[in-house]
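Chains as they are written, first to last, in the numbering used here: chain A, 245 to 583; chain B, 30 to 432; chain C, 260 to 627. No residue lacks a Cβ here, since even glycine has one placed at the ideal position from N, Cα and C. Everything below concerns the one structure shown next.
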Amino acid sequence: MKIKNISLGLALVASAYAMPSFAANTLENVKKSDVLSCGVSTGLAGFSQKDEKGQWSGLDVDVCRSVAAAVLGDASKVQFKPLTAKERFLALQSGEVDILSRNTTWTHTRDTSLGLNFAGVVYYDGAGFMVNKNLGVKSALELDGANACIQAGTSTELAISDFFRENKMNYKAITFDTSDQTRAGFESGRCDFLVSDQSQLYALRIGLQKPENSIVLPEVISKEPLGPVVRQNDDEWFNIVKWSLNASIEGEYQGVTSKNVDQLKAKGNPGQKRLLGSEGDLGQKLGLSDDWAYQIIKQVGNYAESFERNVGQESPLKIKRGLNAQWNKGGILYSPAMR
Amino acid sequence: MFSKKTIEQIKLETRPNSASLNSFYNNPKYRGWIYQALLAIFLIGFFYTIVSNTLANMEAQGIKSGFSFLSTSAGFDVLMTLITFETTDSYLRIFAIGILNTILVSLVGILFSTILGFIFGIAYFSPNYLIKKIATTYVEVFRNIPVILQVIFWYTIFNTLPIARESINVGDSVFLNVTGLYLPKLVGEAGSGFVYIAIFLSMISMFFVKHWARKRQEKSGQQFPVLWVCLAILVGLPTLTLLISGIPFHFDYPELKGFNFSGGITVIPEFMSLAVALSIYTGAFIAEAVRAGIQSVPQGQTEAARSLGLKESKIMSLIVVPQSMRVITPMLNSEYQSLVKNTTVATAIGYPELFTVFAGSALNQVGQAVEIMFMTLVIYFALNMTISFVMNRFNKRTELTTR
Amino acid sequence: MEVKKFSPLPDQPAPITTIGPIAWIKYNLFSSFFNIVVTLLISTGLFLVVPDALDWLFFSANWSGTTQDDCVKDGACWVFISAWSKQIFYGSYPLNELWRVNTSLLLLVVIIATSFILPARLRNKVSIPAYLLLPFICLMILEGSYIGLEPVSTDLWGGFTLNVLIAAASIIIAFPLGFLWALGRQSNMPFARSVSVTCIEFFRGTPILALFFMGSVMLPLFFPADMNVDKLLRVWIILVLFMAAYMAEVFRSGFQAIPSGQYEAADSLGLGYWQKTLLIIFPQVIKVSMPNILATFVMVFKNTVFLLVIAVPEMLQVVMSALSNSNWLGGHAIEGYLFVGFTFWISCFSMSLLATSIEKKLDTSHQN
């Protein structure tokens with residue numbers, strides 16, 4: 245019977261077209277294919293979004309670009325793979341992506357039970373509430389019995405359940421698939437308040453017809469540190485991603501920007517020179533060339549530039565630095581020592 | 030000693046020998062066995078590879094396996110449940126809730142899509158130009174747009190309803206707003222049991238009346254106004270009991286309390302948009318099936334009925350539609366099945382049916398794709414088999430008995 | 260006797276109540292009390308809805324511009340569609356390589372057209388191999404690395420053309436597979452039959468959404484750990500199997516429509532099983548099943564929209580991700596959904612018209 249021969253043929257075609265993935269040595273694999281495969285969100289304002297020309301931008305996207313700049317010397321050598329919340333971990337585990345940078349909350353369970361490592365925090369977030377002004381609600385504790393608009397597949401779903409249980413209140417969760425639908429649901433009055441990560445609340449708020457009619461409540465009910473994820477048991481790659489992120493944070497701390505990077509590389513202070521590779525061999529210790537951090541800051545910019553461009557004052561979202569400011573400026577952003 | 034043999038003789042002698050080998054291969058029965066053995070070997074190899082790969086991958090990636098997650102606490106809320114649910118309840122309960130919600134929306138969808146389908150399918154033959162055009166437009170528009178878009182469309186429409194405080198109010202008992210449709214709920218008091226018994230009795234007597242009327246018509250040819258008598262029984266008997274027992278019912282009216290209405294029955298807009306979209310989408314296919322079914326009834330049947338002096342409405346209901354059911358029923362079967370499968374588009378609007386709440390939210394928290402997908406697929410498969418079974422039984426009754 | 264010559268009155272025109280527009284209106288709109296009521300209700304409804312809808316859609320719509328700020332009027336913001344049109348139709352496929360997508364589409368059209376134009380003698384010999392090779396040729400053109408073009412990885416493919424091409428590629432490969440399953444289903448080998456029935460019933464009985472989901476989440480587990488199968492390819496495999504099950508059922512009803520005399524005649528000519536099936540039965544089955552094949556194609560084409568749940572950038576997914584772009588956060592959902600709906604409606608409706616016309620053509624050939 246040839247019934248199955250066709251499927252066998254298909255499987256053969258599949259194997260011919262398949263790319264081998266070497267889960268154990270991601271660095272070598274990325275260098276060989278000369279492109280970094282990066283799992284991002286399907287569309288999340290300020291974090292990973294495509295424009296009309298198909299160009300990706302966002303804070304999460306910049307993490308991947310930084311790693312590509314550090315490893316391949318070219319921030320544009322990234323293949324972005326949009327993933328849904330359900331697919332993301334499996335895509336990383338199965339080797340489909342080399343790095344997952346998809347506003348993923350660093351939790352104990354995920355870090356320990358999924359065979360993954362979180363390489364740091366890109367954005368310190370927390371779930372918050374947005375309500376309609378004319379409801380007259382001043383605090384989240386007055387929301388007993390209200391309907392909540394929630395985006396599906398986020399850890400917010402669990403956070404809000406805890407919060408209401410703790411305060412002995414009831415709510416009804418209305419979950420939506422995409423942020424646009426969540427916004428539309430809130431706007432129409434389908435729910436009385438909207439719960440989401442604070443970063444997203446601002447994006448959702450400017451999408452409203454009348455943003456001035458709704459307010460963000462002061463309560464932040466959960467810790468949502470968002471960061472890039474890599475596979476476990478590949479420490480070399482884990483280090484590269486971790487220090488690429490730290491390099492852009494340290495870049496801001498040292499005052500290195502994409503504009504003055506060339507100048508500082510030649511005649512900066514010792515700390516700046518060490519970071520940019522004109523002194524010491526930090527790059528080689530990572531298995532990269534010494535100008536790795538120079539490439540990151542030159543091509544992608546330091547953390548502050550990336551932040552302002554994507555979610556801060558230069559973007560429509562206008563999110564304040566808040567927790568995500570440097571540790572010496574009222575935030576908790578702190579890169580370990582670059583030496 | 031050699032006896033001289035002609036070539037022909039050699040051929041003749043060797044033929045049976047080679048023929049027996051050939052005939053073994055040429056015998057369809059043996060050849061069939063060989064093919065099937067090859068197929069079996071291939072399948073065993075195929076599944077062995079898949080299973081061993083899966084197990085190896087799961088172990089390497091540290092994915093847990095087994096069904097123990099079912100008894101752990103879910104920790105998230107579900108929008109609509111037909112059985113009671115707390116966020117601390119188990120995933121097994123989530124599974125049950127998902128199944129019940131799927132069944133509910135499927136049943137509602139099947140009911141309304143059938144009604145819509147028959148109305149528009151028959152409307153296609155209406156003498157009124159506008160009705161006919163609308164029937165055609167309905168079928169052609171809704172059949173050719175992906176159902177997921179239609180669900181989103183209806184959800185957007187329901188989202189334009191007024192907010193809770195400005196609800197559309199029908200007699201202070203029915204409210205419609207963006208958070209849903211609120212209906213008064215009938216609550217039975219002591220003595221309500223008699224009324225239920227009366228309803229049950231009236232249904233049984235209806236069955237007998239219908240049976241008797243048919244017997245009488247077959248015997249004497251006299252028609253009996255079955256419909257009116259049945260209606261009278263159905264309304265009369267329970268009403269009488271209701272009055273005698275002193276109306277042991279009251280309505281629980283929905284009331285605006287705090288943010289929302291409480292009390293009564295709540296129909297959430299997610300449910301309404303899914304049910305509306307599925308009914309309209311599937312209804313368009315059923316209308317097309319009904320049209321084809323009616324067209325399949327030979328013109329001679331209608332003419333014969335007319336010459337017998339039947340009224341036009343009677344011709345449709347007594348002659349044409351029953352005969353067309355033979356063509357329509359198998360198509361209904363597959364349309365109902367695809368309706369059940371299409372309930373999965375609820376994931377776009379968040380109605381908590383099986384696929385959204387179990388293969389969605391639960392899978393997202395637990396991460397055990399293999400077990401959860403297996404359970405989900407088994408349920409859809411079982412639902413479709415049930416529909417198929419029921420419809421085949423029904424089809425047996427409508428089939429033409431050929432002698 | 261005086262003979263009175265019979266002179267008929269001149270022909271009167273038919274009364275206007277039986278012919279002409281007034282009669283048409285009378286019979287088609289106002290023939291009975293019920294019809295009068297219905298006609299009035301429908302016309303009032305149309306009168307209330309249509310002008311506002313037209314105004315929003317066309318007269319006060321925003322047609323020109325490139326950014327969201329250009330949408331100043333109250334009507335629809337079609338600027339959203341025009342700004343994103345390249346994404347909506349081609350996904351992120353490189354701008355100066357678009358000719359490759361267009362070539363693939365053109366190839367598809369050419370092969371379909373030639374299969375209708377070619378004389379019957381050549382049709383099976385030329386068209387069938389052409390169809391079967393088409394998906395692989397398109398794959399090579401689009402991917403590029405095998406024939407020396409610039410490689411374009413599959414994550415850049417997208418938009419409406421992806422919907423069209425993946426649906427076409429699936430039905431073509433599903434064709435032989437479905438035919439084999441249909442043969443298996445009616446063969447007299449019990450094991451082969453039950454395998455076929457299981458395959459068909461499994462893929463028909465499970466929702467395509469769940470199957471896609473399996474393709475994205477579970478299929479990677481089925482392959483060896485060092486093998487990483489492209490997502491689009493996994494989806495393609497799923498679609499092929501799904502389609503094959505439906506095609507098998509289409510072919511089964513096709514087999515039932517072939518008179519048993521055809522089988523007997525083939526047997527009496529001494530044809531073997533495959534000769535009989537491929538030379539005698541297959542061409543007739545294809546002819547009878549053509550409308551159903553097209554209907555199945557329309558179904559699978561509509562189902563490609565479901566790919567959005569696993570983040571494959573097909574048309575609706577592109578629109579949805581465009582809606583969450585921070586420069587377009589104004590809520591253009593209605594425009595986006597309407598446009599996608601309209602595009603699919605046009606495509607599916609024209610295909611169903613084609614199916615109807617083929618059906619009619621087949622009908623007359625039977626009567627003659």
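Give the interface partners of residue i over in chain C, defined as CB-CB distance under 7 Å, in chain order.
i, result
"Glu169 of chain B", "Phe608"
"Ile343 of chain A", "Those within 7 Å of Ile343 of chain A in chain C number zero; the least Cβ separation is about 15 Å."
"Ala398 of chain B", "Val476 and Met477"
Here's a check: name, in chain order, each residue in its chain whose Cβ is nearer than 8 Å to the Cβ of residue i, leaving out the five neighbours to either side.
i, result
"Gln246 of chain B", "Gln252 and Phe253"
"Phe318 of chain C", "Gly334"
"Val257 of chain A", "Confidence is the limiting factor: at Val257 of chain A the pLDDT is only 43, short of 50, which leaves the residue's position unreliable and the question unanswerable from this model."
"Met345 of chain B", "Ile151"
Under 8 Å by Cβ, that's how I've got residue i and residue j pegged, so tell me the actual separation to the nearest angstrom.
i, j, result
"Phe598 of chain C", "Ile275 of chain C", "About 46 Å; that fails the 8 Å criterion."
"Pro472 of chain A", "Leu344 of chain A", "7 Å"
"Val485 of chain A", "Val500 of chain A", "Incorrect: roughly 20 Å between the Cβ atoms, too far for contact."
"Val311 of chain A", "Gly372 of chain A", "Val311 of chain A to Gly372 of chain A, Cβ: 30 Å. No contact."
"Ala314 of chain A", "Trp536 of chain A", "4 Å"
"Leu327 of chain A", "Arg346 of chain A", "6 Å"
"Val509 of chain C", "Asn551 of chain C", "4 Å"
What in chain C is Cβ-close to residue i, meaning under 9 Å?
i, result
"Arg430 of chain A", "For clarity, residue 430 of chain A is Phe in the given sequence; the question names Arg instead. Here the premise fails: no neighbours, minimum Cβ distance about 11 Å."
If the cut is a Cβ gap below 8 Å, which residues of chain B does residue i touch?
i, result
"Asn391 of chain A", "Thr208, Phe288 and Asn289"
"Lys561 of chain C", "Asn173, Ile174, Pro175 and Val176"
Which bits of chain A does residue i rub up against, with CB to CB less than 8 Å?
i, result
"Pro298 of chain B", "Arg434"
"Asn56 of chain B", "Result: empty, since nearest Cβ-Cβ is about 17 Å, beyond 8 Å."
"Pro518 of chain C", "Simply none; closest approach about 26 Å."
Once you ignore the five residues that flank residue i on each side, which residues in its own chain have a CB closer than 6 Å to its CB?
i, result
"Leu438 of chain A", "Met374, Cys393 and Phe430"
"Ser320 of chain A", "none"
"Ser249 of chain B", "none"
"Val168 of chain B", "Ala313, Ala316 and Glu317"
"Gly495 of chain A", "Ile541 and Asn546"
"Gly95 of chain B", "none"
"Met399 of chain C", "Tyr405 and Ile406"
Please list the partners that residue i has in chain B, where partner means a Cβ-to-Cβ separation under 7 Å.
i, result
"Arg409 of chain A", "Thr116"
"Ile418 of chain A", "Leu108 and Gly379"
By the criterion of Cβ-Cβ separation under 9 Å, what are the contact partners of residue i in chain B?
i, result
"Gln453 of chain A", "None at all; the shortest Cβ gap to chain B is about 13 Å."
Looking at the ligand COA, does it come within less than 6 Å of residue i, judged from the CB to the closest heavy atom?
i, result
"Val134 of chain B", "Here there are no bound small molecules, and the ligand COA is not part of this structure."
Which bits of chain A does residue i rub up against, with CB to CB less than 7 Å?
i, result
"Leu392 of chain B", "Lys330"
"Gly474 of chain C", "The contacting residues do not exist; Gly474 of chain C stays about 11 Å from chain A at best."
"Ile192 of chain B", "Gly433"
Under 8 Å Cβ-Cβ, which residues of chain C neighbour residue i?
i, result
"Asp295 of chain A", "Asn584 and Asn586"
"Glu340 of chain A", "Pro479, Asn487 and Lys490"
The region 206–225 of chain B in contact with the region 266–276 of chain B per 3-pair CB rule at 8 Å: yes
Check distances from the C-beta atoms of the region 74–106 of chain B to those of chain E and list, in chain order, the residues that come in under 7 Å. In the structure shown, chain E does not exist; the protein chains are A, B and C.
Do the region 437–446 of chain C and the region 469–483 of chain C make contact, defined as three or more Cβ pairs closer than 8 Å? no
Stretch-stretch touch, CB-based, cutoff 8 Å, three pairs: the region 127–144 of chain B with the region 302–318 of chain B: The answer is yes - the region 302–318 of chain B touches the region 127–144 of chain B, with three or more Cβ pairs under 8 Å.
Quick check on the DSSP output: what are the complete alpha helix (DSSP H) runs of length 4 or more inside the region 257–324 of chain A, in order along the chain? 270–277 and 303–316
Does the region 375–394 of chain A come within contact of the region 418–429 of chain B, defined as at least 3 CB pairs closer than 8 Å? no
Quick one: which unbroken beta strand (DSSP E) runs of 3-plus residues sit fully inside the region 177–208 of chain B? Chain order, please. 197–199 and 203–206
For the pair the region 541–561 of chain C and the region 500–516 of chain C, tell me if three or more CB-CB distances fall below 8 Å. yes
Length at least 4, wholly inside the region 489–561 of chain C: the alpha helix (DSSP H) runs in chain order: 490–516 and 519–527
Of all the beta strand (DSSP E) runs that stay within the bounds of the region 297–362 of chain B, which reach a length of 3 or more residues? Counting whole runs of 3 or more residues, the region 297–362 of chain B contains no beta strand (DSSP E) stretch at all.
The region 554–563 of chain A contacting the region 286–304 of chain A, beta-carbon criterion three pairs below 8 Å: Here the region 554–563 of chain A lies against the region 286–304 of chain A, with 3 or more beta-carbon pairs under 8 Å apart.
Would the region 106–117 of chain B count as touching the region 512–520 of chain C if we require 3 or more Cβ pairs under 8 Å? no
Identify every run of the alpha helix (DSSP H) within the region 506–545 of chain A, keeping only runs that are complete inside it and at least 4 residues long; order them along the chain. For the region 506–545 of chain A, whole alpha helix (DSSP H) runs of length 4 or above, ordered along the chain, are 514–520, 526–530 and 536–543.
Determine contact between the region 120–134 of chain B and the region 381–396 of chain B, defined as no fewer than three beta-carbon pairs at a distance below 8 Å. yes
Do the region 578–590 of chain C and the region 341–360 of chain C touch if we need at least three Cβ pairs shorter than 8 Å? yes
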